[in-house]
Amino acid sequence: MNQILPLVKKLSDTHSLELSEYEELILNRNSESERQLRNLAVSVRHEIYGYDVYVRGLIELSNICRNDCLYCGIRRSNTNCDRYRLTPEEIIACSDEGYELGFRTFVLQGGEDSFFNDDVLGGIVREIKARHSDCAVTLSMGERSYESYKYLRECGADRYLLRHETANREHYMKLHPQSMSYDNRMKCLHELRELGYQVGCGFMVGSPYQTVKTLAEDLKFIEEFKPEMCGIGPFIPHKDTPFHDYPSGTLELTCYLLSIIRLIHPPVLLPSTTALGTIDPLGREKGIMSGANVVMPNLSPVRVRKKYELYDNKICTGEESAQCRECLSRRMKSIGYEVVVARGDIIR
11 MNQILPLVKK LSDTHSLELS EYEELILNRN SESERQLRNL AVSVRHEIYG YDVYVRGLIE
71 LSNICRNDCL YCGIRRSNTN CDRYRLTPEE IIACSDEGYE LGFRTFVLQG GEDSFFNDDV
131 LGGIVREIKA RHSDCAVTLS MGERSYESYK YLRECGADRY LLRHETANRE HYMKLHPQSM
191 SYDNRMKCLH ELRELGYQVG CGFMVGSPYQ TVKTLAEDLK FIEEFKPEMC GIGPFIPHKD
251 TPFHDYPSGT LELTCYLLSI IRLIHPPVLL PSTTALGTID PLGREKGIMS GANVVMPNLS
311 PVRVRKKYEL YDNKICTGEE SAQCRECLSR RMKSIGYEVV VARGDIIR
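Residue numbers (the working numbering): 11 to 358.
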């Protein structure tokens, strides 16, 4: 008998494992455990969300960043990065176009660019909510102060994505410059929760120095924090970073972890990421078939999409937003799923 199948059943029944059991589940991964976890995850996902796939309209505001994360293509010290910054008017126009295409959630994502202070970013959020009151606004703008998060929440922001990157302090230090703090990252996540945001965390699969132990700690953190959203994707190196010659994470392990996360926290909103689609032409479909239920097509102006390059070879078709939306709908239909027009809030 496959020795880890009892762990699969325990996870399905209790949504919890000991740290050592998560390690065992990862370390002894095999085709049978992959199949069982995938089937259970998809079943749980269908019970809660049916065959609906929620779409988020992604608007990448700026690739200017004050930070120097060792894995990131828009890190401050990358002098080869072709920098850009959208104006507030351009951002509003992207949301207007997205609304006409049926998007009811907009994700405003960018580097930690000081231009987007509270007044500017808060003004953008207020304007989007005034024009489209039935929409959710998600921010993914890095570490900010409690007061900043509070103000942006008061302006109408509904959700906040802040990848924790790793739940292991020593691993965090190996991925980031000394100016960044594991403690502050965790503090930000808990402050966002306190302020009433729907909070998203996440990590890269296969990042440099990652081990089975650190992955198990990530899973235990997700179990205990219970984020409304969790974004994971394979690590993909960027040529202009210190990690340029490290191997990429794999689609297989990423999909395996997507299934585990669905069973850990059944209602979680779980994206099938662009990074999955970058390492495999059918990566996003495979993510959905592993238990994910969210996709995030790009609403940014075509002229800047290639410039927001966190990793090499990011999918960047050059299609207009309408074409991208239609293409995605066809791709989801091909595997039996339906892209839906909805805010896509978590179903408890």
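All C-beta atoms in this analysis are idealised placements derived from N, C-alpha and C, irrespective of residue type, glycine included.
>> Whole angstroms are fine: how far does the CA of E262 sit from the CA of R45?
In response: Taking the straight line from one Cα to the other gives about 11 Å.
>> Taking the beta carbon of Y318 as the centre, do at least 16 other beta carbons fall within 10 Å, making it buried, or is it exposed?
In response: Buried, because 16 or more other Cβ atoms sit within 10 Å of the Cβ of Y318.
> The beta strand (DSSP E) spanning A177 covers which residue range?
Replying inline: From DSSP, A177 is part of no beta strand (DSSP E); its letter is neither H nor E.
> Of the residues C265, T115, E336, S87, which one's Cα is nearest the Cα of A302?
Replying inline: Of the candidates C265, T115, E336, S87, the one whose C-alpha sits nearest the C-alpha of A302 is C265.
> Is there at least one Cβ from chain D nearer than 8 Å to Y156's Cβ?
Replying inline: The chain labelled as chain D is not found in the depicted structure, where only one protein chain is given.
> Is the region 281–299 touching the region 236–256, taking contact as three or more C-beta pairs under 8 Å?
Replying inline: Verdict: yes, contact present.
>> For P252 and T260, I'd like the C-alpha separation in whole angstroms.
In response: Near 20 Å, if we compare the C-alpha coordinates of T260 and P252.
>> For a minimum of 3 consecutive residues, which ranges assigned as the beta strand (DSSP E) are wholly contained in the region 104–178?
In response: Residue ranges of uninterrupted beta strand (DSSP E) with 3 or more members, entirely inside the region 104–178 and ordered along the chain, are 115–120, 146–150, 169–171.
>> What would DSSP say about I69, mapped onto helix, strand or coil?
In response: Annotated three-state conformation of I69 is strand, per DSSP.
> Do three or more CB pairs link the region 207–225 to the region 105–120 at distances below 8 Å?
Replying inline: Segments in contact, no.
> According to the neighbour-count rule (16 or more other Cβ atoms, all chains shown, within 10 Å of its Cβ), is E8 buried or exposed?
Replying inline: Outside the displayed range of the chain (11 to 358) lies residue 8, so it cannot be described from this structure.
> Cα-Cα, which of S269, V305, L199 is closest to V349?
Replying inline: When each option's Cα is compared against that of V349, the closest is V305.
> Expressed to the nearest angstrom, what Euclidean distance is found between the alpha-carbon atoms of K368 and T24?
Replying inline: Because residue 368 is not part of the residues shown, which for the chain are 11 to 358, the question remains open.
>> Please classify M11 as buried or exposed, where buried requires at least 16 other C-beta atoms within 10 Å of its C-beta.
In response: With a pLDDT of 46 at M11, under the threshold of 50, the modelled position of that residue is not reliable, and the figure given next carries that caveat. It is exposed - the Cβ of M11 has fewer than 16 other Cβ atoms within 10 Å.
> Would you call the region 175–184 and the region 140–149 in contact, with 3 or more CB pairs under 8 Å?
Replying inline: Proximity of the region 175–184 to the region 140–149 falls short of the contact definition, fewer than three beta-carbon pairs being nearer than 8 Å.
>> Below 8 Å, how does it come out for the region 111–120 and the region 340–356: are there three or more Cβ pairs, yes or no?
In response: The region 111–120, when compared against the region 340–356, does touch it at the 8 Å Cβ threshold.
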